[in-house]
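Right, one structure below, let's go through it.
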Amino acid sequence: MNDGRNLGLVAGAATLLAAAPLTAIFDRWTWLIQCVIAVALVTGGATLVRSLRGPLWTQLLGMMGALLLALAWLFPSGHEFLAVLPSAETFRHFGELLTQSTQDVRAYGVPVPDGDPLLFITVLGVGSVAILVDLLSVGLRRPALAGLPMLAIYSVPVAVYVDSVSPVPFVVGAVGFLWLLVTDNVDRVRRFGRRFTGDGRDVDVWEPSPLAAAGRRLSVVGVVLAVLLPLAVPGMTSGALNSFTSAGADGTGRGPGTGGRVNLFAALSGQLNQSEVRDLAKLTTTDPQPAYLRFGVADELRGDGFASRPPSGRPLAQALVDPRRSQEAGVTQESYRASVEVSPDFDMPMLPTFPTLTAVKDLDGAWLYDPGMQIVYSNRTRGKDRTYSFDFVRSTYSPAALRRSLPLARDDSLRQKFTGVPVEPEVSRLVSRLTAGKRTDYDRVRAIYDYFSRSNGFTYSLRTEGGTSGREIVNFLTTKVGFCQQYAAAMAWLVRAAGVPARVAFGFTNGSKRQDNTVILTNRNLHAWTEVYFNGVGWVPFDATPAASVPGSTRSPWAPDTDQPEPVSPSAAPNAPTETGPSAAPTGPDGPTRDIDAGIPTGNRSAGPTGPTWPWWAAAGLVLLLALLAVPAMFRSMLRRRRATRAAGAGTGPAGDTDGGPLAGEGPPGSPSLVVIGTDADRARSDAHAAWDELIDTLVDFRVPVDPTETPRATADRLVASGRVHDASAEATRLLGRAEERARYARDPLQIASLPESLRTVRKAIASGADRRTRWIAAALPPSVLLRWRLSIMDMSGRIVAAFGRCRDVLVRWSPRRLLAGRGTR
């Protein structure tokens, strides 16, 4: 028992060492502390049950209970009993964490910050692996198989990490696995074997074993080769990836960010301040007047300014829908096609597209689409050196159409999410002054938009700090000098303060045109602008940055150039979309029937509550579990039916009397006479064996002792003497025993027509004498089936081991050492 406890402790430590690759995923070490607590409780629970000499299934239950207590303690819902005992609310909280974790897995890039959803699935996964490792290494004494769940932990960072995973965590995990193997073998040798050298000489207890030393050397060489060999093979490692900006542009030393979260403001500042002009993308589109190509959104306003929240999307094939609706006065929606070729310098986890996509081609399953943010992103790969095409819908609006949009309700989730701002008295006073007397959302937004004009003293300059926090926005509104990201963030802040949802978008202005509708986009075309949400319309762009200061900048009918004395017309702005007045607009219902942003609720039509998806997964898992549990019962029923069919044919063959005629008194009352046959002996013998096998399986199912050394007659007499069968069932039992006895030992077996009826009589008698639990187990999980499967697996394992042994013997015959030794004796 001490050796078992020691091996259990080593199994727990090896699991923690195998989890070392997870350091490449998390930004901090919180996951390791929580995993140590969970694995320690799992190991302690298993050790406690083993010290009480509990069977294997109780050890499994003990470890699962310990893991559940650890999860309830580390991730409490606040409704636990005695702070650690889970309640119904605890499991509901766990389901919410699992649901949120699926979103965080898609949203975050590595390294991820500490968050309960991701930490929960990490602790749950490592704790489950600890249970499997302990069960395989200690309970089943198969430590080599424990390497499979340990290897599963290492596969996680390899699958999600964009860069190459460091070999150091692999070495740590391999050392833990070797430690487990060595501990198990030492324990086996101490109890059952003795150590010896290669030439057969015994090794004293105090001497180091030469074979063990050779094994340690081979394991070290194997680990070193596994680490160094990939480094020497071209193409198996990737160097440092180029960042979108100069190193450390965001102040973290890692560039603008990784995965789904990118510091877009830092990336934009770094590119606009570079003196070198670099091509970032090439756009070809059928749209004669294309809008801004966009790739990112900053829609989360925190104390330090605007930031990009983690995107939450689905595969492109599932997330894209056609948003076109019946057009109203002042609204035009046209479908176009575009293709984009991204240069190696655009090293981002996002791809530039137009806002409203309907189809995307030439992108694999690593790319997702967030319909709310309207961006294509990936948590596993980057956008550089990619060429893809897509269909999109470009919408244009007249001021009258936007003015008809009603404000969102105050309790609307979208308004609450995108209108909250920190308290800045100067900003609040400015918003109140600008929006005084404005009755519609569009009038309020337009008043704020018109404020950012040269007539009010605003000028464009790259020689300013690019912060977007409250104090920095106040400084910009005071000095009125800044560049695009400050204009965009300031307008979004003011529009939010006016009670209208707003966010900051990032992308490209229109670049220099080449032939065949091809546009070259450089770092000089990188830009930021504001998007405002209108009820029933969707997100509408507003570019408050002075148009003359930004290459490729355009204006729209609903957001004209504030520095021009007249509204923008097609002749004054050739690149701008043509304004569609109410009189020239096509007739139709007053307003679109579907939002441009699929999945974002509006004030008058909210998206139905989707609810968590984990109950469906739980129900599917429960159905699958019940189906698996029903397999033994179905197998037992089919086997019983097949045997009954065979036994039913026992009385159909030709009768004979080769052994002196019928045997009187050997059948139950009312049964036909037992006839000795000669012409169909094989059929009768097979029927008797089937009936007897069914009787033995019935005894096993109802936990009646079976002695394989007894003769059939002795087994039948023992059942009758024990009182488990009596009267008619006793006669039926003796009949089955006599039939099996003659089938085994006599030249001519008995042909009995009443074997099926005798089997049913005996089974009914044995079942009536068993308790309810035994009857339930015999029906749901028949022990005879489980025993037969276990023996089959053992036989298969024995055959596999024997085959490997034969292969090893063949290889040993051609061993170089053996050949050299034989050569020296000649």
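Going by my numbering, the residue at position 268 of the sequence shown is 1537; the numbering climbs one at a time, nothing skipped.
Even for Gly, the Cβ is constructed at its ideal location relative to N, Cα and C.
Keep in mind that this is a model prediction, so the values were computed, not measured.
(1) Out of Leu1336, Leu1325, Val1392 and Thr1831, state which residue places its alpha-carbon closest to the alpha-carbon of Phe1295.
(2) Does the segment 1990-1999 come close enough to the segment 1947-1963 to have 3 or more Cβ pairs within less than 8 Å?
(3) Compare the Cα-Cα distances from Met1619 to each of Thr1787, Phe1350, Gly1776 and Leu1897 and report the closest residue.
(4) Can you tell me the Cα-Cα spacing of Arg1708 and Leu1683, whole angstroms?
(5) To the nearest angstrom, how far is it from the Cα of Thr1980 to the Cα of Leu1897?
(6) Could you say which of Ala1289, Thr1316 and Ala1598 lies nearest to Val1305 if we only look at CA atoms?
(7) Rounded to whole angstroms, what's the CA-CA distance from Ala1357 to Val1318? Just pull it up for me.
(8) What residue from Met1903, Arg1655, Val1809 and Thr1748 has the CA that sits closest to Leu1671's CA?
(9) Alpha carbon to alpha carbon, how far is Trp2045 from Arg1993? Give it in angstroms, no decimals.
(10) Across which residues does DSSP place Ile1644 in a beta bridge pair?
(11) Are the segment 1627-1635 and the segment 1660-1671 touching by the rule of at least three beta carbon pairs closer than 8 Å?
(12) Do the segment 1545-1552 and the segment 1605-1618 make contact, defined as three or more Cβ pairs closer than 8 Å?
(13) Give me the residue from Ala2012, Lys2033, Thr1978 and Arg2016 with the minimum Cα distance to Phe1230.
(14) Is it right to say Asp1639 is buried, meaning 16 or more other beta carbons lie within 10 angstroms of its own, or is it exposed?
(15) Less than 8 Å between the CB atoms is what I'm expecting for Gly1442 and Ala1287, so what's the real figure, rounded?
(16) Output needed for Gly1331: all residues of its chain with C-beta closer than 8 Å, excluding positions within five of it in sequence on either side, in chain order.
(17) Would you say Leu1367 and Ile1400 are within 8 Å of each other, going by their C-beta atoms?
(18) Measure the alpha-carbon distance for Gln2020 versus Asp1962 and round it to whole angstroms.
(19) Whole angstroms are fine: how far does the CA of Gly1641 sit from the CA of Leu1589?
(20) Cutting at 6 Å between CB atoms, please list the residues of its own chain near Tyr1802, excluding the five before and the five after it.
(21) By the DSSP assignment, the alpha helix (DSSP H) with Trp2045 in it spans what residues?
(22) Excluding five sequence neighbours on each side, which residues of the same chain lie with their C-beta closer than 6 Å to the C-beta of Glu1800?
(23) Could you tell me if the beta carbon of Lys1630 falls within a distance shorter than 7 Å of some heavy atom in the ligand SAM?
(24) How about Ile2035 and Val1975: are their beta carbons less than 8 Å apart?
(25) Taking the alpha-carbon positions, what's the Leu1291 to Val1402 distance?
(26) If you measure between the beta carbons of Thr1388 and Trp1448, is that distance less than 8 Å?
(27) Measuring straight from C-alpha to C-alpha, what distance separates Leu1585 and Ala1678?
(28) Do Gly1689 and Leu1570 have their CB atoms nearer than 8 Å?
(29) For Asp1616, does the three-state DSSP call read helix, strand or coil?
(30) Please work out which residues of its chain come closer than 8 Å, Cβ to Cβ, to Gly1634, disregarding the five sequence neighbours upstream and downstream, and give them in chain order.
(31) Any idea if Ala1352 is buried or exposed, counting beta-carbon neighbours within 10 angstroms, 16 or more meaning buried?
(32) Cα separation between Ser1730 and Phe1752?
(33) Hey, would you say Phe1575 sits closer than 8 Å to Ala1813, going by beta carbons?
(34) Mind checking who Glu1695 pairs with in its DSSP beta bridge?
(35) Beta-carbon separation of Ala1757 and Trp1798 under 8 Å?
(36) What ranges does the beta strand (DSSP E) occupy inside the segment 1979-2038, keeping only unbroken runs of at least 3 residues that lie completely in it?
So, from the data block:
(1) The residue among Leu1336, Leu1325, Val1392 and Thr1831 with its C-alpha nearest the C-alpha of Phe1295 is Val1392.
(2) Put simply, the segment 1990-1999 does not touch the segment 1947-1963. Fewer than three CB pairs are less than 8 Å apart.
(3) The shortest C-alpha separation from Met1619 is found at Gly1776.
(4) If you take the alpha carbons of Arg1708 and Leu1683, they lie about 20 Å apart.
(5) Rounded to the nearest whole angstrom, the CA to CA distance from Thr1980 to Leu1897 is 36 Å.
(6) Minimum Cα distance to Val1305 is reached at Ala1289.
(7) Near 26 Å, if we compare the C-alpha coordinates of Val1318 and Ala1357.
(8) Of all alpha-carbon atoms in Met1903, Arg1655, Val1809 and Thr1748, the one lying nearest the alpha-carbon of Leu1671 is that of Val1809.
(9) Straight-line Cα distance between these residues: approximately 18 Å.
(10) DSSP output for Ile1644 lists Asp1639 as bridge partner(s).
(11) Verdict: yes, contact present.
(12) Yes, the segment 1545-1552 is in contact with the segment 1605-1618.
(13) No answer is possible for residue 1230: it lies beyond the span of the chain, which begins at 1270 and ends at 2095.
(14) When all chains shown are included, Asp1639 counts as buried.
(15) So it is a contact: roughly 4 Å between Cβ atoms.
(16) The beta carbon of Gly1331 sits closer than 8 Å to those of Gly1314, Ala1315, Leu1317, Val1318 and Gly1323, all from its chain and outside the five residues before and after it, given in chain order.
(17) No; because the gap between Cβ atoms is not below 8 Å, this pair is not in contact.
(18) If I take the Cα positions, the gap works out to 17 Å.
(19) Cα to Cα, the separation comes out at about 11 Å.
(20) Pro1770 and Trp1808, listed in sequence order.
(21) Start and end: Arg2041 to Ala2049.
(22) By the criterion of a C-beta distance shorter than 6 Å, Glu1800 is surrounded in its chain by Arg1772, Ala1774, Trp1808 and Pro1810, once the five residues flanking it on both sides are discounted.
(23) In the structure shown, the ligand SAM is absent, as is every other ligand, since no ligand is present at all.
(24) At a Cβ-Cβ threshold of 8 Å, Ile2035 and Val1975 do not count as neighbours.
(25) Rounded to whole angstroms, Leu1291 to Val1402 spans 18 Å at the Cα level.
(26) Note that residue 1388 corresponds to Leu in the displayed sequence, not to Thr. When the beta-carbon positions are compared, Leu1388 and Trp1448 stay at least 8 Å from each other.
(27) Straight-line Cα distance between these residues: approximately 32 Å.
(28) Yes; because the gap between Cβ atoms is below 8 Å, this pair is in contact.
(29) Looking at Asp1616 - three-state DSSP - the assignment turns out to be coil, as it is neither helix nor strand.
(30) Pro1584, listed in sequence order.
(31) When all chains shown are included, Ala1352 counts as exposed.
(32) Distance between the alpha carbons of Ser1730 and Phe1752 is about 5 Å.
(33) No, these two residues do not count as a Cβ contact at 8 Å.
(34) Residue pairing by DSSP places Glu1695 opposite no residue, since no beta bridge is assigned to it.
(35) In this structure, Ala1757 places its C-beta atom within 8 Å of the C-beta atom of Trp1798.
(36) No beta strand (DSSP E) of 3 residues or more sits fully in the segment 1979-2038.
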